[in-house]
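One structure is given here, and the rest of the page talks about it.
Number of protein chains: 2
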Amino acid sequence: MKNLNCIFKPKRVAVIGASPDSKKIGHQILKNIIEGGYQGEIIPIHPSADTVLGYKAYRSLSDVPEGVDLVVIAIPAVLVVKAMQECAQRKAGAVAVITSGFGEVGNMAEEKKLKQIADENNIALLGPNIFGLAYPPNKLNASFGPKDIYPGRIVFITQSGALGIGLMGWTFMKKIGLAALVCLGNKADIDEEDLITYFNKDENADVLLLYMEGLKDGRKFLKTRIEKPTVVLKVGRSSRGAKAAASHTGSLSGSDKIYDGVFKQLGILRADTFIEAFSWARALALPLPKGEDTIIITNGGGIGVATTDECEARGIKILDDPEWLEKKFRSTMPDYGSTKNPIDVTGGAGVAGYEQALKIAFAEERIKAVIVLYCETAVTDPMDISRAVKDAFEKAGRNKPVVVAMVGGDRTRDALVYLNENYIPASSLVDVSISALKAVYRWAEIKSRTSSKPVIEPLPSQAAKILDAVRAQGRDILMEHEAREVMEICGVPTPPWGFAKSVQEAVQIAESKKLYPLAMKIASVDIVHKSDVGGVVLNIRDSQELSEKYEAMMARIKKAMPDARLLGVNLIKMSSGIECIVGITRDPQFGPAVMFGLGGVFVEALKDVSFRVVPFDGAEADRMIGEIKAKKILEGFRGMKADKPSIIKTLLAVQKLAPYVKEIDINPLLTNQEGSYAVDARIVLNMDSSAADPHLVKDDEDIEIPSASL
Amino acid sequence: MKNLNCIFKPKRVAVIGASPDSKKIGHQILKNIIEGGYQGEIIPIHPSADTVLGYKAYRSLSDVPEGVDLVVIAIPAVLVVKAMQECAQRKAGAVAVITSGFGEVGNMAEEKKLKQIADENNIALLGPNIFGLAYPPNKLNASFGPKDIYPGRIVFITQSGALGIGLMGWTFMKKIGLAALVCLGNKADIDEEDLITYFNKDENADVLLLYMEGLKDGRKFLKTRIEKPTVVLKVGRSSRGAKAAASHTGSLSGSDKIYDGVFKQLGILRADTFIEAFSWARALALPLPKGEDTIIITNGGGIGVATTDECEARGIKILDDPEWLEKKFRSTMPDYGSTKNPIDVTGGAGVAGYEQALKIAFAEERIKAVIVLYCETAVTDPMDISRAVKDAFEKAGRNKPVVVAMVGGDRTRDALVYLNENYIPASSLVDVSISALKAVYRWAEIKSRTSSKPVIEPLPSQAAKILDAVRAQGRDILMEHEAREVMEICGVPTPPWGFAKSVQEAVQIAESKKLYPLAMKIASVDIVHKSDVGGVVLNIRDSQELSEKYEAMMARIKKAMPDARLLGVNLIKMSSGIECIVGITRDPQFGPAVMFGLGGVFVEALKDVSFRVVPFDGAEADRMIGEIKAKKILEGFRGMKADKPSIIKTLLAVQKLAPYVKEIDINPLLTNQEGSYAVDARIVLNMDSSAADPHLVKDDEDIEIPSASL
C-alpha cells in the first residue's frame, strides 16, 4: 500500500526544476510552497544554482539525504524518467510529475516506465501532466496555480489543469474553503479511487468534489467506497462533448448514461455545473434533515413563489398545514403578512420578524429544514439578517439544515459571504440554494441505505450447459427457445410456454401446460425474420386451431424457404401488460451494465432508460426502476399496473449471465398486477473467451465472479 | 390615449407625502429624485412643512400651478382617493400611487375609484402598491429603492416590490444597465401591454425584461406587439407556486402551461431564473447570427468539453469540418493545441493565440457565432483577453454574436465586468453564457417570422345549425355523430363514416361509402359508456357481418337498457396511425386555448402537450407540434409517420368552434402518411350564452370573431 500521506502531509519536499528564473514553472511552484507558509523542509533541486528564492539548492536529488517525502518534478519530459529513478534511489515516498508530454500526446512508453518505477519502489505517483497539489491544513501549496487558497473542509480533485487553476482563483474569491486540491492529470498511478479512499480517512476533509472528464479504469472506480459526501462534475454528457473529452484526455469514452448509473449506485452526487457542484459541496457540511417538511421564511412574495417553484421542481416538500402554521407564525408578522408557507414576514418586518420566525422554525420538531429568503430593502441591513440566521441556527445546536438566498447589492453580497464563512450555504440565486438543499436530502437518502456488497450469483449449471452447446455449434446467438430456457433457469420470469417438434407434441404441450390462447413461432437457426416467412401466428385459441395452423405454417415455410432446417415451434401463452425492456450491454469502461426501460416508443423515441453496472442488489434495482421518466405508467395506468417485485427479480437474475454475454435484450418484458413475463429474449454470447471479460476475471473480492463451465 | 411620456419624461414632478421625516417613504422618494440628478421641476407636497430637503413645499396639490406631468402619491391609503381627485383637478398627466392597501388586501372599491378618476381625466395611473419607477436617461429615480441605478438600455418591468428593489441593487452591483425600471403593483390602470407598447417606441430602450407573477387581463396581453427583444421571468410554474402567486397578487391564476404557449406565440422569450433573464437581456443587444455554425475558442480542454455539452443540450450547432478548421486555425496555436472545435489555443498561447484565432473567427463568413472561453492562468492577465475580444469584435464591425465565459479570481471578475460594460455578454458560468447565446438564436428565429394577424374564421352556418339544434334540446354535449359532422363541416379531417338509423341503411351506407372494415357504435343520448352495454363492435368486415352484428347489438342493448332511446349507429372506417390528441380548453386568463399532444400514455402519463391561445395561424400550429418532447415519433417511427399538414389543418379548423364551446377533445386523432383522422370527438357547448365568451365579444380588431347564429 502506497503512502498518500507523503503527498499531503510531507515533512520534506523537494522540487526538481526549481529554477531561479521566475518564468519557469519549477520556480513558481517553489515560490508557492514558500509563500504558502509550508513549515517542513524545502529542498530546491537545480543543476547550477546554489540557492533559489533564499533556499539552499542541490545539483541533483542524489545529493540530498535519503527519505524525502514528496518530490515535485517540473523539468522537460525527456529528463523525467531519469529524475524518477533518482527519486527511487533516494527512497522518496511520493512524486508529483508536473511535466506534460506523456500519455496525453501518445508517449505511453515513458508514462508506463514512470508507473513501473513507482510500483517497484512503492512510490505514490501523482500525474504526470498536472499543475500540482495543495493541502491547506499543512499550508502546502505545491502548484503553479494562484498562491492563495481559502482554507476549509472541501477536497477538490480535478482532472483538468486549466479549469482547475481557474477554479482555484474562483474558490478563493468566493471564499469556498478547501482542505485539499489535487490535479490528477494522466493518472499513471494515483487515480480517483485512491484519493477518495485516502480522504475518507482524512480528519481535515468533510466533503469531496471531483471534476472528471473520463476514467482510466472504470472497474476499479466501481470499488470506491463513498463514506463522505462526494460530488462529481463530469463533462462529456453530450455525444460531441464525450468525443471531445476522449480526444482531450486520451481515455476510453464509455457511455455517459452508464457513468450516470455508476455515480448513482456508488452514492455519488452528480452536478451539472461547477457552481452547482461547489454549492452542493458547501451545503453537504450541514446537518442531515430528519424528515421532509420544509419551511420558507421570506420578506417578499415574489421570491417566495419562485422558491416554491424550485422546491416543487426538485421534489422538496413544503410543509402544508395552514392552521398549524397560522398558530405558530402569526405573531411574527404584521396583519398583512402571510403564514401560508412561504411565511411572508413582509418587507416592513425588519430583523425582529426574522428572529422570531427563525426561532420557531428551528425549535419546532415538525419543521425539518429551513429556507431563508431576503430581498434587500433600505430599512434593514442584510448583514443583520445573516447574523439572525447564524445565531438562531447555532443556538438550536445546528439541528436541521438551513439554506439562504438573498437578492440585493454590495451589502447583500457581504451578508452572503458572512453566511458561507459560517458554513451556512447562501447564494444570490434561488435555484442554486434550493438545489444545494436538495443535495443534502439526496445525501441523507444515500446515508440511510443499508450497505450491501452485491455479488454476481453463479450461473446455474443447466444454463451453462445450454450456452456451451450453442458455442460448440459455433453460434453466438441463442435460438428463441434456448434463450427462454436459459432465462427461466436463471430465474427470469417467463410466460408459460413450450417447445414442440411435431404437431402432436404441440397439441399435447399446449393442453398440459394450459397455454391457450397462445402464439406459435417457428424455430429454425436459418430463419432470422420469422414474420417475413409467415413464421408467427398469434391468438391460437384451441387444439383444433393449433393443429390446422401448425400444418399450414410448416407448409408455408417449406415453400418459402425449402432449405431451412425447421426444428419445431415455440408455443407461448399470450399475456398482456405494460411493455418494458431489460437488457445487458457491455461498456468499454465499466463492463456489463444492465438497462431497464419502458418498452415500445418510450425506449426507441425517448431513450427513457436507466443503467446500473453489474453487480447490484435489489434495492438498487428498485431505484433504477424509479428513475424512469414515465414511471407513472408503472405505478398504475389505464387499468394496468406493474408488478415491481418481479421486475426487480428480472434485473437481478439477468446479472448471472453478464460474464458470458455480449448482449441481452428482453423485449418485451410484459408486466401486470400478477407478475412479469419475458416474452422474447435475444442473447448474444461473448465468443472471444480470452478477452471474455477482462474486468470480471480479475482477482477482485468485490466483483468476483463464480466459476462456470464457460 | 394616455400619455406615458408624463411618467418617464416629465418636466414637473410632484410628490404628495414628501415629508421632512427621513423615515417616511415620501421623503425617501423625494430624496432619490433629488440625488438621482433629475433636472426638471421638483415639487414636494406636505400639509405642514415649508421646505423639504431644500425644496419649497406646497400644502396641497391645489396650491400648485396647473399641469404637473407626474404626481407621486405616498400617503396613507385612506387619503389617496382625495389626492387623486386633486391630481385630476390640476390636470396631472400621470400619477404613480406608491401606497398599498388596495386590491391586494381586498379593497377593490377604492382601487376602482382610482381607475375611474384616471380614465375620466385621461391620467396614466401606475400602481397602486408599488415602490416607484426610474428612468435613467432622464436621471429620474422616483422610487424608494436604492439611489444608484446603472444606466443602460434594458427596461426592467417588475410586478413584485421586494424582489424588484433587491434586483435594483443587484443590477447596479453587476453593472447591468437599465433604461427604465417600473414597478407595476396592482395594475389598476397601466399594465404590461401598455408598457411594452410604449417602450417599443422609446429610443432609449433596446431590450425589455418583465418579472411577472400573473396577469390581470390575459386577453389584453394577447394583443401585445413584440417589436424589441422581450424576456419574461414568470413565477408560479409549479402548482403550489401558482397558488401562492394567485394568493399573493390576487390575480386570476390561469394555467402556467398556457402562459407558456402565450409567450411563445407572442414571441416573448421565457427565462426560468433571474440570472438567466438578465444575461439574456444583455445578450439580446448583440447582432443577430446569420446562420448556425458556431466556434468555440478556449485555452482549456475541460471547459471546452463542458461548453460543447451545453451547446448540444441547447441545440447550438458547433461547426464541424476538421479539415477546414485545421487549415484556418493551426497557425494560432502550438503543436499540442487542437483545431477540432473547441479550438484549443492552449494555456501557453497567451493573448497572441487568442488574437489570431479571434481575427479568423470574426473574418470567416462560414463562422456565424463565436464563443470565447478562458481559464485564468498566472501568465496571462484576463483583462488582456477581454480587450482582445472587444477589439476583434469591434474591428469586424460587430458582425456576429460573441459570448464569453471565464473562470478565475478577482482579475477575471474585472475582465468580465469590462466585457459586459462593452456590450459583450460575459459570465463566469458556462451555462449562463451559452444560454444567453441560445436566446440570441431564438430571437433571430422570432424576427424571421413573417408577421401575421390571425383571426378566427367564421363557423360555417351548417355547423352553427347543428349546435343550435343541440342547445334547443337542452343538451350541452354533442352526440358522437353530431360531433363528427360538425368537425367535418369545420374542416377537421375525419375518417370515412356514416350514421344509420336502421340495418338496411347501415348496409347501404357501408357499401356506398366503402367503410369496411368498420367500427359500429351505438348512438343514444341515454348511453354514456357505450362499451359497458356492448355498444361498440370493431373490425366488421362485410355486409353480412354488419347485419348480424347490428341486430345482435340492438337486442343486447334493449335488454340491458330497455328505456334507452336508440337513434341508430355510427359506422366508422377503421384506420391506423399514430395516436394524437387535439383539444380546446378554456383558461380563466386567456379564454379558449388549443392543445396538441401525442395520445395515449404520452398525454396521460407524461403531460407531453403544447398549448396556443386562439387565434393562431398555421406557422404557429407547426411550431406547436414541434414542441412535443416525443416529436421524434411524429417524424417517422416503426414504419409510421405523421402527416403534418393535416394535423396543422386540424389545429386551425377547431378554432372556428372556440367561441361556442367549453371543451373539445379529439381523442384520438390518428395520423399516418396519408392523412389525419379525427376518430372520435367530444364537444361540450358553452351554454351560458350571456357569459359565453366575455373576451371574444369585446370590440377588438385583433381577436374579433365573426357573428354566428349562436
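Line order of the protein sequences matches chains A and B.
Per the working numbering: the first sequence = residues 62 to 771.
Per the working numbering: the second sequence = residues 62 to 771.
Just so you know, even glycine gets a beta-carbon here, dropped at the ideal spot from N, CA and C.
_Any beta carbon from chain B within less than 8 Å of Gly-559(A)'s own beta carbon?_
Looking up residue 559(A) in the first sequence gives position 498. Gly-559(A) does not count as touching chain B.
_Does Val-774(B) come out as helix, strand or coil in the three-state DSSP assignment?_
As shown, chain B starts at 62 and ends at 771. That puts residue 774(B) outside it, with no answer to give.
*Give me whichever residues DSSP pairs with Phe-560(B) in a beta bridge.*
In the second sequence, counting from the first residue as 1, residue 560(B) sits at position 499. Paired residue(s): Asn-631(B).
*Are the stretch 212-224 of chain B and the stretch 254-274 of chain B touching, with three or more C-beta to C-beta distances below 8 Å?*
yes
_Near-chain A residues of the stretch 226-254 of chain B (beta-carbon distance less than 7 Å), N- to C-terminal order_ = Ile-226, Gly-227, Leu-228, Gly-230, Trp-231, Phe-233 and Met-234
_Any non-hydrogen atom of the ligand PLP closer than 7 Å to Arg-647(A) Cβ_ = Looking for the ligand PLP in the displayed structure turns up nothing, as the structure carries no ligands at all.
*With a cut-off of 8 Å on the beta carbons, I'd call Met-656(A) and Gly-644(A) a contact; round off their distance for me.*
Position 595 of the first sequence, counted from the first residue, corresponds to residue 656(A). Position 583 of the first sequence, counted from the first residue, corresponds to residue 644(A). Correct: roughly 4 Å between the Cβ atoms.
*Starting from the Cα of Asn-247(B), find the closest Cα among Met-169(B), Gly-322(B), Met-234(B) and Phe-260(B) and give me that residue.*
Translated into positions along the second sequence, residue 247(B) becomes position 186. That would be Met-169(B), whose Cα lies nearest to the Cα of Asn-247(B).
*Indicate whether Pro-403(A) and Gly-365(A) have their beta-carbon atoms separated by less than 8 Å.*
What you label residue 403(A) is simply residue 342 of the first sequence in a count that begins at 1. What you label residue 365(A) is simply residue 304 of the first sequence in a count that begins at 1. A contact, by the Cβ cut-off of 8 Å.
*Validate contact between the stretch 69-86 of chain B and the stretch 195-208 of chain B using beta carbons, cut 8 Å, 3 pairs*: yes
*asked:* Using 8 Å as the cut-off, can you tell me whether the stretch 186-194 of chain B makes contact with the stretch 245-259 of chain B, which would need three or more C-beta pairs spanning the two stretches below that distance?
replied: yes
*Could you tell me if Ser-750(B) is buried or exposed, where buried requires 16 or more neighbouring beta carbons within 10 angstroms of its beta carbon?*
Within the second sequence, the letter at position 689 stands for residue 750(B). Below a pLDDT of 50, predicted positions are generally treated as unreliable, and Ser-750(B), at 49, falls in that range; the measurement from the model is reported next regardless. The residue is exposed, with fewer than 16 neighbouring Cβ atoms inside 10 Å.
*List the endpoints of the continuous beta strand (DSSP E) containing Met-748(B).*
By one-based count along the second sequence, residue 748(B) stands at place 687. From DSSP, Met-748(B) is part of no beta strand (DSSP E); its letter is neither H nor E.
*Below 8 Å, can you find three or more Cβ-Cβ pairs linking the stretch 337-353 of chain B to the stretch 292-311 of chain B?*
yes
*Please report the residue range of the beta strand (DSSP E) in which Asn-728(B) lies.*
On the second sequence, position 667 is the one that residue 728(B) refers to. Segment 722-733, the beta strand (DSSP E) holding Asn-728(B).
*asked:* Along the chain, where does the beta strand (DSSP E) containing Glu-353(A) start, and where does it finish?
replied: Locating residue 353(A) in the first sequence gives position 292, counting from the first residue. Neither: Glu-353(A) is in no beta strand (DSSP E) and is coded neither H nor E.
*Residues in its own chain within less than 6 Å of Glu-102(B) by CB, not counting five upstream and five downstream?*
Here the question's residue 102(B) lines up with position 41 in the second sequence. Closer than 6 Å at the Cβ level, and outside the excluded window around Glu-102(B), lie Arg-73.
*Around the Cβ of Arg-510(B), are there at least 16 other Cβ atoms within 10 angstroms (buried) or fewer (exposed)?*
For the purposes of this step, residue 510(B) is identified with residue 449 of the second sequence, where counting begins at 1. Arg-510(B) comes out exposed.
*Classify Gly-652(B) as helix, strand or coil using the three-state DSSP reduction.*
Against the second sequence, residue 652(B) aligns to sequence position 591. Looking at Gly-652(B) - three-state DSSP - the assignment turns out to be strand.
*Say whether chain B places a C-beta atom closer than 8 Å to the C-beta of Thr-438(A).*
Counting from 1 along the first sequence, the entry for residue 438(A) is found at position 377. So yes, Thr-438(A) belongs to the interface.
*Can you tell me whether DSSP reads Met-467(B) as helix, strand or coil?*
Position 406 of the second sequence, counting from 1, holds the residue named residue 467(B). Here Met-467(B) sits in strand by DSSP.
_Alpha-carbon to alpha-carbon, Ala-654(B) and Val-674(B)_ = Taking the second sequence and counting its residues from 1, one reaches residue 674(B) at position 613. Taking the second sequence and counting its residues from 1, one reaches residue 654(B) at position 593. Cα to Cα, the separation comes out at about 4 Å.
*Stretch-stretch touch, CB-based, cutoff 8 Å, three pairs: the stretch 463-482 of chain A with the stretch 221-229 of chain B*: yes
*asked:* Could you tell me the alpha carbon to alpha carbon distance between Leu-114(B) and Leu-194(B), rounded to whole angstroms?
replied: Taking the first residue of the second sequence as position 1, residue 114(B) is located at position 53. Taking the first residue of the second sequence as position 1, residue 194(B) is located at position 133. So the alpha carbons of these two residues sit roughly 20 Å apart.
_Alpha-carbon spacing of Phe-233(A) relative to Ser-489(B), whole angstroms_ = In the first sequence, the residue the question calls residue 233(A) occupies position 172. In the second sequence, the residue the question calls residue 489(B) occupies position 428. Straight-line Cα distance between these residues: approximately 14 Å.
*Which listed residue (Ala-241(A), Val-722(A), Leu-239(A) and Leu-245(A)) has its alpha carbon closest to that of Ser-221(A)*: Position 160 of the first sequence, counted from the start, is the residue given in the question as residue 221(A). Closest option to Ser-221(A), Cα to Cα, is Leu-245(A).
*Tyr-397(B): buried (16+ other C-beta within 10 angstroms of its C-beta) or exposed?*
Translated into the one-based positions of the second sequence, residue 397(B) becomes position 336. Tyr-397(B) comes out exposed.
_Quick check on Gly-302(A) - is its C-beta less than 8 Å from some C-beta in chain B?_
For the purposes of this step, residue 302(A) is identified with residue 241 of the first sequence, where counting begins at 1. With 8 Å as the cut-off, Gly-302(A) counts as an interface residue toward chain B.
_chain A contacts from the stretch 66-90 of chain B (Cβ-Cβ distance under 9 Å)_ = Lys-84 and Gln-89
_Residue environment, Ala-530(A), which counts as buried when at least 16 other CB atoms sit within 10 Å_ = Within the first sequence, the letter at position 469 stands for residue 530(A). Counting Cβ neighbours within 10 Å, Ala-530(A) comes out exposed, since fewer than 16 surround it.
*alpha helix (DSSP H) segments (min. 4 residues) lying fully within the stretch 526-605 of chain A*: 541-551 and 564-573
*asked:* As a quick exercise: from Ser-299(A), Cys-436(A) and Lys-499(A), pick the residue whose alpha carbon is nearest that of Leu-330(A).
replied: If you number the first sequence from 1, residue 330(A) lands on position 269. Of the listed residues, the one whose Cα sits closest to Leu-330(A) is Lys-499(A).
*asked:* Please give the ranges of any beta strand (DSSP E) in the stretch 357-437 of chain B, keeping only runs that are unbroken, at least 3 residues long and fully inside the region.
replied: 430-436
*Please determine, among Leu-345(A), Ile-694(A) and Ser-737(A), the residue with the shortest C-alpha to C-alpha distance to Ile-485(A).*
By one-based count along the first sequence, residue 485(A) stands at place 424. Out of Leu-345(A), Ile-694(A) and Ser-737(A), Leu-345(A) has the C-alpha closest to the C-alpha of Ile-485(A).
*Is Asp-492(B) buried or exposed, if buried means 16 or more other CB atoms sit within 10 Å of its CB?*
Here residue 492(B) refers to the residue found at position 431 when the second sequence is read from its first residue. By the neighbour-count rule (16 or more Cβ atoms within 10 Å), Asp-492(B) is buried.
*Candidates Ile-694(A), Phe-663(A) and Asn-631(A): which alpha carbon is nearest Ile-742(A)'s?*
Indexing the first sequence from 1 puts residue 742(A) at position 681. The residue asked about is misnamed: residue 742(A) is Ala in this sequence, not Ile. Nearest C-alpha to Ala-742(A): Asn-631(A).
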